[in-house]
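To start, the structure itself, in structure tokens.
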């Protein structure tokens with residue numbers, strides 16, 4: 002009997018395995034909207050986050066990804082000409098919680114050593130880039146803060162408990178179960194003043210036949226799926242709680258503050274410019290006169 006061949010996906014999509022990604026899991030389910038419309042999308046969990054996904058995009062292991070805005074902007078400021086934004090996934094800002102080990106002596110950001118050592122998932126990740134933003138807010142010298150690459154959330158949690166780092170930054174509601182279990186301690190937070198997640202692709206993928214039509218179809222379908230997710234708050238909150246084993250009250254709190262766009266194709270240019278202006282000094286970069294080359298104009302609607 003001949004072995005059945007697995008059909009190669011038309012699109013390999015990188016996502017963080019977190020509550021924000023629930024509409025993607027729904028769309029990529031065996032009978033989800035991608036299947037219903039003949040688009041073979043493989044949703045690939047990338048628990049190490051944005052820095053990891055950017056590396057995988059460059060290596061051709063991913064065709065598209067949903068990453069934090071500051072990670073994309075940082076990559077562009079450092080000269081990455083190949084990653085391109087094509088839509089907004091979550092337009093509300095992301096709240097980054099600062100965490101340390103439960104047994105560590107720090108009770109607040111003010112009690113940390115100056116400069117502290119940050120645990121980060123990858124260089125260029127959101128946890129890395131946002132460390133500079135927190136340093137600026139706290140008055141720490143960004144030239145002297147240190148970093149330890151610790152991988153995913155489990156690695157970061159282990160690192161602060163073992164004093165490999167003083168703190169790390171991660172999305173607040175993803176981290177909260179570790180506070181509830183007594184594993185970690187919350188010592189502060191920082192809210193990024195720009196949209197949370199954007200959808201990107203890579204020029205490697207754009208060289209493939211029919212890639213642009215694939216991306217357009219993908220964006221249209223995920224736009225429909227997100228609209229369905231947003232329109233059913235009770236059902237959607239139950240799904241998030243079940244899938245990630247979050248407390249219903251935590252999901253309700255997250256839902257009250259999160260905002261998915263009604264049109265995922267739209268990217269507010271002023272938000273990207275604001276992010277770039279804030280991150281340029283720490284990247285030793287000069288802002289270009291125009292950021293329009295950062296976007297896949299055939300798909301994105303840059304406002």
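Numbering (my numbering), first residue to last: 2 to 304.
Glycine included, C-beta positions come from ideal geometry on N, C-alpha and C.
Computed from a predicted model, the values in this text were never measured in an experiment.
Quiz prompt | Runs of beta strand (DSSP E) wholly within the region 3-88 (minimum 3 residues, chain order) | solution = 12-16, 42-46 and 65-69
Practice problem: State yes or no: is the C-beta of residue 158 within less than 7 Å of the C-beta of residue 185? | Solution: Within the chain shown, numbered from 1, the residue matching residue 158 stands at position 157. Within the chain shown, numbered from 1, the residue matching residue 185 stands at position 184. For the pair residue 158 and residue 185, the CB atoms are nearer than the 7 Å cut-off.
Practice problem: Would you mind working out which of 255, 243 and 262 sits nearest residue 227, comparing C-alpha positions? | Solution: Your numbering for residue 227 matches position 226 in the chain shown. The option with the nearest alpha carbon to residue 227 is 262.
Quiz item: What is the rounded straight-line gap between the Cα of residue 304 and the Cα of residue 275?
Solution: Working through the chain shown from its first residue, we reach residue 304 at position 303. Working through the chain shown from its first residue, we reach residue 275 at position 274. Residue 304 and residue 275: Cα-Cα distance of roughly 14 Å.
Practice problem: Tell me whether the beta-carbon of residue 174 lies closer than 7 Å to the beta-carbon of residue 64. | Solution: By one-based count along the chain shown, residue 174 stands at place 173. By one-based count along the chain shown, residue 64 stands at place 63. No; because the gap between Cβ atoms is not below 7 Å, this pair is not in contact.
Practice problem: State the Cα-Cα distance for the pair residue 299 and residue 164, rounded to the nearest angstrom. | Solution: As a first step, residue 299 must be located in the chain shown, where it is residue number 298. As a first step, residue 164 must be located in the chain shown, where it is residue number 163. So the two alpha carbons sit approximately 48 Å from each other.
Quiz item: Is the distance from the Cβ of residue 335 to the Cβ of residue 215 below 7 Å?
Solution: Lying outside 2 to 304, the shown extent of the chain, residue 335 is not represented and no answer is given.
Quiz item: Closest Cβ-Cβ distance between residue 232 and chain B: below 7 Å?
Solution: Absent from the structure: chain B. Only one protein chain is present.
Practice problem: Output yes or no for whether 7 Å exceeds the beta carbon distance between residue 119 and residue 148. | Solution: On the chain shown, residue 119 is found 118 positions in, with the first residue counted as 1. On the chain shown, residue 148 is found 147 positions in, with the first residue counted as 1. The answer is yes: Cβ separation under 7 Å.
Practice problem: Return yes when the Cβ of residue 51 is within less than 7 Å of the Cβ of residue 1, no when it is not. | Solution: A query on residue 1 cannot be resolved here, the shown segment of the chain reaching from 2 to 304 and no further.
Quiz item: Under a Cβ-count criterion, where at least 16 other Cβ atoms within 10 Å of its own Cβ denotes burial, should residue 287 be classed as buried or exposed?
Solution: In the chain shown, the residue the question calls residue 287 occupies position 286. Residue 287 is exposed by the Cβ-count criterion.
Exercise. Return yes when at least one heavy atom of the ligand NAP lies under 6 Å from the C-beta of residue 199, else no.
Key: Looking for the ligand NAP in the displayed structure turns up nothing, as the structure carries no ligands at all.
Exercise. Return the residue from the list 20, 135 and 33 that minimises the CA-CA distance to residue 177.
Key: Position 176 of the chain shown, counting from 1, holds the residue named residue 177. Among 20, 135 and 33, the Cα nearest to that of residue 177 belongs to 20.
Quiz item: For the putative contact between residue 169 and residue 69, defined by C-beta atoms under 8 Å, what is the C-beta separation to the nearest angstrom?
Solution: Here residue 169 refers to the residue found at position 168 of the chain shown. Here residue 69 refers to the residue found at position 68 of the chain shown. About 15 Å separates the two Cβ atoms, so there is no contact after all.
Quiz item: In whole angstroms, what is the alpha-carbon distance linking residue 284 and residue 193?
Solution: By 1-based counting over the chain shown, the position of residue 284 is 283. By 1-based counting over the chain shown, the position of residue 193 is 192. Near 17 Å, if we compare the C-alpha coordinates of residue 193 and residue 284.
Exercise. Using the DSSP secondary-structure output, state which residues sit across from residue 172 in a beta bridge.
Key: On the chain shown, position 171 is the one that residue 172 refers to. Residue 172 pairs with 97.
Quiz item: Quick one: what's got a C-beta closer than 7 Å to residue 137's C-beta in the same chain, skipping five residues either side?
Solution: As a first step, residue 137 must be located in the chain shown, where it is residue number 136. 143, listed in sequence order.
Exercise. Tell me the start and end of each unbroken beta strand (DSSP E) in the region 109-177 that is at least 3 residues and wholly inside, in chain order.
Key: 118-121, 147-150 and 168-172
Self-check item: residue 237 beta carbon less than 7 Å from that of residue 230
Solution: The sequence position of residue 230 within the chain shown is 229, counting from 1. The sequence position of residue 237 within the chain shown is 236, counting from 1. Contact flag set, yes.
Practice problem: Starting from residue 305, follow the alpha helix (DSSP H) in both directions and report where the run begins and ends. | Solution: Within the shown structure, residues of the chain are numbered from 2 to 304, placing residue 305 beyond reach of any answer.
Exercise. Mind checking which residues open and close the beta strand (DSSP E) that includes residue 248?
Key: Along the chain shown, one-based indexing puts residue 248 at 247. Per DSSP, residue 248 belongs to no beta strand (DSSP E) and is neither H nor E.
Practice problem: Apply the 10 Å Cβ neighbour rule to residue 290 and answer buried if 16 or more other Cβ atoms are within range, or exposed otherwise. | Solution: Here residue 290 refers to the residue found at position 289 when the chain shown is read from its first residue. By the 10 Å Cβ count, residue 290 comes out exposed.
Quiz item: Going by C-alpha distance, which of 268, 60 and 75 is nearest residue 128?
Solution: Position 127 of the chain shown holds residue 128. Out of 268, 60 and 75, 75 has the C-alpha closest to the C-alpha of residue 128.
Practice problem: Measure the Cβ-Cβ separation of residue 28 and residue 223 and say whether it is below 7 Å. | Solution: On the chain shown, residue 28 is found 27 positions in, with the first residue counted as 1. On the chain shown, residue 223 is found 222 positions in, with the first residue counted as 1. In this structure, residue 223 lies closer than 7 Å to residue 28 by Cβ.
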